[in-house]
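Numbering (the numbering used here), first residue to last: 73 to 302.
Structure first, commentary second.
Spelled out as structure tokens, the structure:
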């Protein structure tokens with residue numbers, strides 16, 4: 073017997089309520105984790121899980137290098153280099169850089185090219201912690217409230233420290249400590265200005281870029297650092 077319209081509406085409303093419960097539960101769990109991450113380092117991230125799954129599907133070896141060290145283990149020059157490269161207004165915006173978004177949209181309209189990314193460090197942090205690298209409207213829908221929560225819960229310096237500790241710097245290389253060891257055989261605390269700028273230049277495409285090949289981009293980053301008083 074066909075379902076009556078009332079039963080169909082009831083099933084639809086039940087599915088909507090279930091979906092809302094799942095979304096709210098997920099956001100609540102992320103909120104609790106962000107509170108914990110004020111003081112402790114994430115044991116793992118969703119992007120790390122994503123890469124492990126991708127490697128398993130491809131039957132490829134996957135070895136994670138991940139050693140979070142916090143602000144005390146991160147050279148000041150690398151913190152400055154990443155801000156100068158990725159998010160120059162990091163210390164003045166509240167999670168979203170509306171000026172950069174407007175500039176990116178205007179550039180896309182002027183050139184006809186796809187709109188370039190304008191994500192802030194806070195947006196990139198929540199993507200690394202709780203989402204994936206896959207571009208989709210669903211990811212963006214979650215990214216917005218998570219970015220607001222991160223800015224409300226975490227101090228700016230902690231956001232930067234966490235981002236540096238979880239960002240991807242090569243296949244299986246996560247965090248600035250692992251990146252410094254992998255690419256330069258040193259620690260994150262001992263990175264030189266040039267090494268820091270070269271590592272910052274890798275961030276937009278960490279699976280294909282190598283710091284040794286980023287001379288021009290690293291020079292631009294160092295120029296920007298000087299312009300910002302660093």
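Here a beta-carbon is modelled for each residue, glycine too, at the ideal position from N, C-alpha and C.
In this text the structure is predicted, and so the values were computed from the model without any measurement.
Delimiting residues of the alpha helix (DSSP H) encompassing residue i
i           : result
residue 201 : 193 to 202
residue 223 : 209 to 225
residue 233 : 228 to 238
residue 122 : 118 to 129
residue 251 : 248 to 256
Cut-off 7 Å between Cβ atoms - residues of its own chain near residue i, not counting five sequence neighbours on either side
i           : result
residue 297 : 152, 153, 156
residue 139 : 247, 249, 250
residue 107 : 225
Residues near residue i in its chain [Cβ-Cβ closer than 8 Å; skip 5 each side]
i           : result
residue 197 : 222, 231, 234, 235, 238
residue 160 : 296, 300
Contacting residues, own chain, Cβ-Cβ under 6 Å from residue i (five flanking each side not counted)
i           : result
residue 101 : none
C-alpha gap between residue i and residue j, whole angstroms
i           : j           : result
residue 104 : residue 228 : 18 Å
residue 209 : residue 302 : 37 Å
residue 113 : residue 142 : 8 Å
residue 294 : residue 149 : 10 Å
residue 95  : residue 89  : 10 Å
residue 220 : residue 175 : 22 Å
residue 74  : residue 91  : Low confidence applies to residue 74: its pLDDT is 48, below 50, so where it sits in the model is not reliable enough to give any reading.
residue 126 : residue 241 : 17 Å
residue 111 : residue 217 : 21 Å
residue 83  : residue 168 : 38 Å
residue 183 : residue 205 : 26 Å
residue 283 : residue 260 : 14 Å
residue 85  : residue 97  : 18 Å
Any C-beta of chain C under 8 Å from that of residue i
i           : result
residue 254 : Among the protein chains of the structure shown there is no chain C, as only one such chain exists.
Cβ-Cβ separation, residue j to residue i (assumed contact under 8 Å), whole Å
i           : j           : result
residue 258 : residue 203 : No, residue 258 and residue 203 are not in contact; Cβ-Cβ is about 31 Å, not under 8 Å.
residue 254 : residue 137 : 6 Å
residue 147 : residue 268 : 6 Å
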